[in-house]
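> Before we start, here is the structure in question, set down as C-alpha cells.
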Amino acid sequence: MVETADAIIIGAGIMGASTAYHLARRHFGRIVVLERDTVCSGSTALASGGIRHQYAQRVGIELTKQSIVVFEHFEDEFGVDPSFRQSGYLLLWHTAEELAEVRQIVALQQGLDVDVRLLGPAEVAALCPYLHTADLAAATYSPRDGYADPYLATTAIAARARELGVVIKQQHEVVGFVLDDGRLVRGVQTTLGVFEAPVVVIAAGPWTGQLGKLAGLDIPVFPVRRCKFFTAPFPFDKIPARTPFIIDRHDGFVMRREGEGILLGYNRPDEPSSFDTTPDWSLVPEMVERVVRRVPVLAEAQIMSAYAGLYEMTPDQSGIISAVPGVEGLYVLAGFSGHGFMHGPAAGQLMAEMIADGRAHTVDVAALSLDRFARGEVLFEPMTFM
Ligand SMILES: Cc1cc2nc3c(=O)[nH]c(=O)nc-3n(C[C@H](O)[C@H](O)[C@H](O)COP(=O)(O)OP(=O)(O)OC[C@H]3O[C@@H](n4cnc5c(N)ncnc54)[C@H](O)[C@@H]3O)c2cc1C
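Just so you know, we're using the working numbering here: the sequence shown kicks off at 6 and counts up by one.
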C-alpha cells in the first residue's frame, strides 16, 4: 500500500504536533503525522511542564519569549485550558563563582526584556519562607514563568491540527526512508506500508538518533533517564499552591507543587545514555537529605510514587531546528535536551517557516542547525538541569 502526502512528520509529541498545526495553518497541503504509538505518548507526556526564560543562550530565551505568549493565550487558540500556572521560576545560586556567572546571564536576559530579578538571601526568604537561605549567594526569580500540563497542551494542538485537515496515523512505526541516491527524500517505509512525500520531518524525541541511522545519518540526539518523585498530600499552609518552580542546581534537585503533593526531580549527573525508564529508587536517601536541608518542612513529607522519562540530549544541550544538509526535503526538529515542552510552540512554527518559506524568520535559529556539530560550532547551554 502506498499513500501520498505533501509533508510527513515522524512523531506526535509536542514537536510533531506543533509543526503539523503550523503547516496546516499555512495550507501546506496534505500533512500526515506518523506515530508509532499514540499522540503524546513519548517524552512530552512525562515532562514536568516547566516554562522559563532563564537560559544563558539568546536563542533559548527567544524561544521561550515566543512560546510563552502561546501558553498565555492557549485557550483562545486551541479551546483547552492547559493549566498554565504562572507562579514563577526561582533558581538558587550558592557560591561567589556561580553568582559572577549568573550576573552576566541576568544581564543578557534583561537585555532581551525578560523580567528576571536577582534576589539576595533575605528577599528569597521573604518570597519563600520555607526555604533555608542563610548559605545562598543569591537567587534569580522570573515571575512570568511557571508550568503547564504537557498532555493537555499537546493533545489540544494535535486536535486543532486535525480540525485543519492534518491526518494523524497512530500505531504507524517508521522503519525506513525512501531516498534517491541518499540526496533526495521521497518518503518513508512504515510497518503498514509506504508513505510518499517530498518533505519529511524527523520529530521523534529521544528516538531521533535511531531514525537518523535508518536514513544513514548521524543525528546526535541520545536518551538519558530522568527521575521524578511525588510526595503524598502536603499542607498548603507550609508550602503554598503558588510556590515557584524551584531549581537548586548546586544540590541537584528541582521542586514544584503538583496538586496536593510536591513534585521532586533528582538524578545522577553522570547517568549513562539508555532507553531505561525504570525509576531509580536508590536516589531517594541522598535526595531527601539534600531537599530537607534546603526545605526543612519537607522532613514531614512522604515520598509516594516515582516515574522516569527520557531527556533527548544533544552534545551541547541545545535543540536542532534544521534542514538536513545534503538530503533535499529532509528536516530535523529534536534534541531540546529537557526544554522541548516549553519551546514546542515556537519550534513547530519555525520548522513550518523553514519548510514553507525556505527559512525560519520569526526567530533567528541558524545556531540550531544540524551541521553545527560537524563544524564544531556548538552552542553549549549551561542552564540545563540534569
Ligand atoms: C522527566 C522529564 C521532565 C521534563 N521536564 C520538562 C520541563 O519541565 N519543561 C520542558 O520544556 N521540557 C521538559 N522535558 C523535556 C520534554 O519532555 C521534551 O523536550 C519534549 O517533550 C520533546 O518533545 P518531542 O516531541 O521532541 O518528543 P516526544 O514527546 O518523545 O515525541 C516523539 C514521538 O516520536 C514517536 N516515535 C519515535 N520513534 C518513532 C518511529 N520510528 N516511528 C514513528 N513514531 C516514532 C514516539 O512514540 C513519540 O511519541 C522533560 C522530560 C522528561 C523526561
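Glycine is no exception: its CB is placed at the ideal position from the N, C-alpha and C atoms.
Small disclaimer: the values here were computed from a predicted structure and weren't measured.
Residue 415: which of 318, 158, 91, 383 sits nearest, CA to CA?
The question about residue 415 has no answer here: the residues shown for the chain are numbered 6 through 391.
> Considering only DSSP beta bridges, list what residue 39 is partnered with.
For this step, residue 39 is matched to residue 34 along the sequence shown. In DSSP, residue 39 forms a bridge with 15, 174.
> Please tell me whether residue 337 and residue 375 are closer than 8 Å, where the distance is taken between their beta carbons.
Working through the sequence shown from its first residue, we reach residue 337 at position 332. Working through the sequence shown from its first residue, we reach residue 375 at position 370. Contact flag set, yes.
> Alpha carbon to alpha carbon, how far is residue 295 from residue 258?
Taking the sequence shown and counting its residues from 1, the one referred to as residue 295 is at position 290. Taking the sequence shown and counting its residues from 1, the one referred to as residue 258 is at position 253. Their Cα atoms are separated by approximately 8 Å.
> Under a Cβ-count criterion, where at least 16 other Cβ atoms within 10 Å of its own Cβ denotes burial, should residue 213 be classed as buried or exposed?
What you label residue 213 is simply residue 208 of the sequence shown in a count that begins at 1. By the 10 Å Cβ count, residue 213 comes out buried.
> Which residue comes first and which comes last in the alpha helix (DSSP H) that contains residue 48?
The residue you call residue 48 lines up with position 43 of the sequence shown. Residue 48 -> no alpha helix (DSSP H), and no H or E assigned at all.
> Starting from residue 290, trace the beta strand (DSSP E) in both directions and tell me its first and last residue.
By one-based count along the sequence shown, residue 290 stands at place 285. Here residue 290 belongs to no beta strand (DSSP E); instead the alpha helix (DSSP H) covers 289-299.
> Looking at C-beta atoms only, is the number of pairs between the segment 88-95 and the segment 142-151 that lie closer than 8 Å three or more?
Output reads yes: the segment 142-151 touches the segment 88-95.
> Are there three or more Cβ pairs, one per stretch, closer than 8 Å when the segment 354-363 is compared with the segment 17-32?
Yes: at least three Cβ pairs fall under 8 Å.
> Measuring alpha carbon to alpha carbon, tell me which residue in 269, 276, 138 is nearest residue 311.
Taking the first residue of the sequence shown as position 1, residue 311 is located at position 306. It is 269 whose Cα lies nearest to the Cα of residue 311.
> Is the CB-CB distance between residue 37 and residue 10 below 8 Å?
Within the sequence shown, numbered from 1, the residue matching residue 37 stands at position 32. Within the sequence shown, numbered from 1, the residue matching residue 10 stands at position 5. Yes, the Cβ-Cβ distance between residue 37 and residue 10 is below 8 Å.
> Would you mind listing the beta strand (DSSP E) stretches within the segment 340-387 that are 3+ residues and don't spill past its ends, in chain order?
Those beta strand (DSSP E) runs which fall completely within the segment 340-387 and span 3+ residues do not exist here.
> How far does the alpha helix (DSSP H) with residue 72 in it extend, from its first residue to its last?
Counted from its first residue, the sequence shown places residue 72 at position 67. Taken as a continuous stretch (DSSP letters only), the alpha helix (DSSP H) holding residue 72 covers 63-77.
> Could you tell me which of 347, 366, 325, 350 sits nearest to residue 339, measuring between CA atoms?
Along the sequence shown, read from residue 1 onward, the residue named residue 339 stands at position 334. Ranking 347, 366, 325, 350 by Cα distance to residue 339 puts 325 first.
> Hey, how far is the Cα of residue 283 from the Cα of residue 231?
Here residue 283 refers to the residue found at position 278 of the sequence shown. Here residue 231 refers to the residue found at position 226 of the sequence shown. In a straight line, the C-alpha of residue 283 is about 10 Å away from that of residue 231.
> Please state if the CB of residue 16 and the CB of residue 208 are separated by a distance shorter than 8 Å.
Along the sequence shown, one-based indexing puts residue 208 at 203. Along the sequence shown, one-based indexing puts residue 16 at 11. Closer than 8 Å, so yes.
> Using a Cβ-Cβ distance cut-off of 8 Å, determine whether residue 59 contacts chain C.
Going by chain labels, chain C is absent from the structure shown, which holds only one protein chain.
> Rounded C-beta distance between residue 13 and residue 300? I'm assuming under 8 Å.
The sequence position of residue 13 within the sequence shown is 8, counting from 1. The sequence position of residue 300 within the sequence shown is 295, counting from 1. That pair is no contact at about 47 Å.
> Take the Cβ of residue 322 as the centre, count every other Cβ of all protein chains shown within 10 Å, and call the residue buried at 16 or more, exposed below.
Within the sequence shown, numbered from 1, the residue matching residue 322 stands at position 317. Residue 322 comes out buried.
> Is the segment 178-197 touching the segment 214-225, taking contact as three or more C-beta pairs under 8 Å?
Flag = yes, the segment 178-197 and the segment 214-225 touch.
> Just verifying my parser: in three-state terms, what is the DSSP assignment at residue 198?
Looking up residue 198 in the sequence shown gives position 193. Residue state, collapsed to three classes: strand.
> Closest to residue 327 by CA distance: which of 371, 140, 280, 233 is it?
Position 322 of the sequence shown, counted from the first residue, corresponds to residue 327. Checking every option, the nearest Cα to that of residue 327 belongs to 371.
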